[in-house]
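Just so you know, UniProt numbering puts 179 at position 179 of the sequence shown, and the rest follows in order with no gaps.
Backbone N, C-alpha and C fix where the C-beta goes; we use that ideal spot for every residue, glycine too.
These notes are about the structure you will find just below.
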Amino acid sequence: MSVSRFLRRAALTTAMAGAAATLALSKAEQCGVSVRLSRPSPHRGADDATRCGHLGLVRAHPGLRDLNAALTTTTTSGGSADASFFLDAAHALAASALRVPTITGGAIRLMVSDRIPKKLAAAESKGDSKAAVHLRLELATLHAREGRLDEALAAAVQLARDNPGDIRPRLAAAALCCLHGRSGTAFEWLKSVPESARRFKTSDRFVTIVVYAMPGSSPQRVEEGVDGMVVDVAAAIAEDTLSMKLEEGEWSTLERLELAVLGRLLRRFVSKRFAAAAYPEFKSWTWTRPPPPPINATESQLNKALVLCSQAMLAPVLGARPLCGERLREVRAVADAEAEADASAAVVDVNLLLAFLAIRDGRFDEAMQRYRAAVARDPSDRRAYELAAALCSIAGHAAEERDAWLRGEERHCDRGRGATAGRGGGLQLQALLDEQVVAAALGLGGDRTARDPHRGRVLAAAWREVDAGLAAALRDGDHLTMAERAQLRGLRCVLRAKMQPLLDTAANSTGPDNSPQQRSH
Numbered sequence: 001m002s003v004s005r006f007l008r009r010a011a012l013t014t015a016m017a018g019a020a021a022t023l024a025l026s027k028a029e030q031c032g033v034s035v036r037l038s039r040p041s042p043h044r045g046a047d048d049a050t051r052c053g054h055l056g057l058v059r060a061h062p063g064l065r066d067l068n069a070a071l072t073t074t075t076t077s078g079g080s081a082d083a084s085f086f087l088d089a090a091h092a093l094a095a096s097a098l099r100v101p102t103i104t105g106g107a108i109r110l111m112v113s114d115r116i117p118k119k120l121a122a123a124e125s126k127g128d129s130k131a132a133v134h135l136r137l138e139l140a141t142l143h144a145r146e147g148r149l150d151e152a153l154a155a156a157v158q159l160a161r162d163n164p165g166d167i168r169p170r171l172a173a174a175a176l177c178c179l180h181g182r183s184g185t186a187f188e189w190l191k192s193v194p195e196s197a198r199r200f201k202t203s204d205r206f207v208t209i210v211v212y213a214m215p216g217s218s219p220q221r222v223e224e225g226v227d228g229m230v231v232d233v234a235a236a237i238a239e240d241t242l243s244m245k246l247e248e249g250e251w252s253t254l255e256r257l258e259l260a261v262l263g264r265l266l267r268r269f270v271s272k273r274f275a276a277a278a279y280p281e282f283k284s285w286t287w288t289r290p291p292p293p294p295i296n297a298t299e300s301q302l303n304k305a306l307v308l309c310s311q312a313m314l315a316p317v318l319g320a321r322p323l324c325g326e327r328l329r330e331v332r333a334v335a336d337a338e339a340e341a342d343a344s345a346a347v348v349d350v351n352l353l354l355a356f357l358a359i360r361d362g363r364f365d366e367a368m369q370r371y372r373a374a375v376a377r378d379p380s381d382r383r384a385y386e387l388a389a390a391l392c393s394i395a396g397h398a399a400e401e402r403d404a405w406l407r408g409e410e411r412h413c414d415r416g417r418g419a420t421a422g423r424g425g426g427l428q429l430q431a432l433l434d435e436q437v438v439a440a441a442l443g444l445g446g447d448r449t450a451r452d453p454h455r456g457r458v459l460a461a462a463w464r465e466v467d468a469g470l471a472a473a474l475r476d477g478d479h480l481t482m483a484e485r486a487q488l489r490g491l492r493c494v495l496r497a498k499m500q501p502l503l504d505t506a507a508n509s510t511g512p513d514n515s516p517q518q519r520s521h
């Protein structure tokens with residue numbers, strides 16, 4: 001990859017963290033723009049895409065109180081779930097910009113149920129206990145990333161007891177305790193590591209699990225000091241990774257300056273807001289600091305590290321977590337009950353939400369069942385047809401299946417109203433389609449963020465979602481000073497400038513957009 005192309009992608013990831021970070025600050029903190037995406041203003045404009053998306057389906061029905069309440073569990077102190085959707089969009093955007101596969105939803109289930117158990121069985125048959133411990137810790141980390149922290153922590157503790165001479169399970173237990181709101185126990189686990197074993201290379205296990213498993217933690221349980229540590233550690237890894245890229249190839253003065261400014265913005269934010277909040281115990285144990293990337297790290301490995309770090313920084317900054325894993329399944333259970341109990345028009349919207357949640361969980365067949373249920377309830381509502389056809393496309397299914405949904409739309413929906421008609425109009429449909437593409441990229445797994453042609457669709461959809469979130473913050477004039485508004489506009493301009501070449505390249509590699517929404521224009 002050329003230096004200039006990497007700069008666009010690396011700058012995008014760094015600017016994303018900086019932009020979202022400044023968006024999340026309160027006025028009292030005075031470090032960037034003071035508005036929280038997790039607490040949206042009630043004065044947001046009608047053109048706000050997040051308002052018209054899948055969350056809007058629930059908010060349109062005041063009677064869905066339990067479902068609304070379940071969605072707020074993804075944020076600190078019951079804030080809006082908008083921040084969780086913003087997190088997913090930012091994750092998909094960074095992954096598609098850097099061409100990195102995502103490890104969520106169906107990809108995690110495949111690893112947990114098939115790939116790792118096979119490797120574990122092979123290691124145990126050979127009597128390779130060291131490899132077996134490594135694989136069991138990998139399983140525990142994946143369970144934690146999915147929100148199953150109790151199960152993951154129990155596995156790490158058991159491994160520590162069964163292997164008293166191996167410090168890896170102790171470091172894993174310490175990391176998982178941090179994410180589970182048990183910092184005191186985490187300190188005890190770290191203290192149990194012998195002095196002779198406290199070196200930089202041994203800290204890799206602790207740091208990796210903290211960053212990798214963070215999406216599965218609960219924003220209500222993680223303490224502020226741990227959040228500070230996560231952001232501090234992730235920022236340090238990101239900065240080291242970018243520095244390693246700077247050492248490769250020839251960089252122009254302007255390119256170095258751009259990256260330096262973005263890095264300075266990120267360091268300033270972390271030092272003033274999160275580094276100070278991190279527990280001093282972690283700072284005093286310098287051996288727990290993240291080690292630098294290996295000298296022989298590949299470009300793919302460095303890019304994966306950048307995506308993981310951007311996600312780890314954004315979640316604490318926004319006081320939110322992605323709607324995935326166990327949290328997602330809890331919301332699905334509430335929505336299932338609403339769909340069964342409610343005989344009103346809300347059933348169609350609840351089924352559309354359930355389809356979206358199934359996609360985010362990597363369950364294509366269940367999503368299609370929900371779209372069929374929505375059509376059965378109201379055959380004249382074209383949203384389910386459009387969304388089902390789009391899902392067939394992004395999932396890589398046969399064109400015949402997609403075309404069958406489109407033929408059903410032609411038969412049952414009023415052609416004179418246009419493909420963008422329906423509840424909420426074209427803006428709602430576009431927001432639903434964009435959120436669906438992001439959910440598919442993260443839930444269905446595979447290389448949808450890494451390979452064309454799907455990567456281009458993910459990149460464009462995720463960018464529209466992220467840009468809409470930043471635009472919503474700019475429209476919130478009640479909470480922005482002139483200086484803050486200027487800073488946010490500048491950050492948004494940086495993102496737009498770095499995104500445009502990527503969007504142009506993606507459009508060329510993807511070819512014409514044959515999504516249902518685009519065919520209507």
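Endpoints, the alpha helix (DSSP H) within which residue i is located
i, result
"histidine 134", "129-145"
"leucine 444", "Taken as a continuous stretch (DSSP letters only), leucine 444 belongs to no alpha helix (DSSP H), as it is neither H nor E."
"leucine 171", "168-179"
"aspartate 403", "399-412"
"alanine 297", "Looking at the DSSP string, alanine 297 is not in any alpha helix (DSSP H), and its letter there is neither H nor E."
"threonine 185", "183-191"
"glycine 105", "105-110"
"lysine 118", "116-125"
"serine 393", "383-394"
"valine 331", "325-341"
"glycine 56", "54-59"
"arginine 372", "364-377"
"leucine 352", "346-360"
"valine 157", "149-162"
"serine 252", "That residue, serine 252, is in no alpha helix (DSSP H); it is neither H nor E in DSSP."
"residue 527", "Summary: the structure shown does not reach residue 527, with the chain confined to residues 1 through 521, and so no result is reported for it."
Burial state of residue i (16 or more Cβ within 10 Å)
i, result
"glutamine 500", "exposed"
"methionine 229", "buried"
"alanine 20", "Here alanine 20 scores only 49 on pLDDT, less than 50, and its place in the model should not be relied on; the value that follows carries that caveat. With 16 or more Cβ atoms within 10 Å of its Cβ, alanine 20 is classed as buried."
"serine 96", "buried"
"isoleucine 167", "buried"
"glycine 147", "buried"
"threonine 102", "buried"
"aspartate 381", "buried"
"leucine 254", "exposed"
"glycine 53", "buried"
"glycine 32", "Here glycine 32 scores only 37 on pLDDT, less than 50, and its place in the model should not be relied on; the value that follows carries that caveat. That one is buried."
"glycine 165", "exposed"
"histidine 397", "exposed"
"residue 584", "The displayed coordinates of the chain run from 1 to 521. Any statement about residue 584 would go beyond what the structure contains."
"aspartate 47", "Annotation note: pLDDT 44 at aspartate 47 (below 50); position unreliable, coordinate value reported separately. Its Cβ having fewer than 16 others within 10 Å, aspartate 47 is exposed."
"serine 217", "buried"
"methionine 482", "exposed"
"glycine 184", "exposed"
"glutamate 29", "Summary for glutamate 29: the model assigns pLDDT 37, below 50, so the residue's position carries little reliability; its value from the coordinates is reported in the next sentence. Exposed, because fewer than 16 other Cβ atoms sit within 10 Å of the Cβ of glutamate 29."
"glutamate 340", "exposed"
Candidates the options, of which the one nearest residue i by Cα
i, options, result
"leucine 159", "Ala355, Ala173, Gly147, Ser217", "Ala173"
"leucine 459", "Arg65, Ser84, Leu93", "Leu93"
"arginine 332", "Val58, Leu442, Ser252", "Val58"
"valine 347", "Leu442, Phe364, Gly362, Arg370", "Arg370"
"isoleucine 116", "Thr104, Gly105, Ala132", "Ala132"
"aspartate 361", "Gly105, Gly56, Ala90, Phe85", "Gly105"
"arginine 205", "Phe187, Leu176, Pro194", "Leu176"
"alanine 238", "Val211, Glu258, Asp114, Gln220", "Val211"
"leucine 502", "Leu488, Leu179, Trp463, Glu386", "Trp463"
"arginine 451", "Gly63, Val100, Asn351", "Val100"
"leucine 357", "Ala123, Asp88, Lys119, Ala213", "Asp88"
"aspartate 447", "Leu98, Ala404, Gly56", "Leu98"
"glycine 181", "Arg221, Tyr385, Asp504", "Arg221"
"histidine 91", "Glu124, Gly225, Arg170, Cys309", "Cys309"
"proline 453", "Val437, Gly443, Ala468, Glu465", "Val437"
"alanine 197", "Ser84, Ala186, Arg170", "Arg170"
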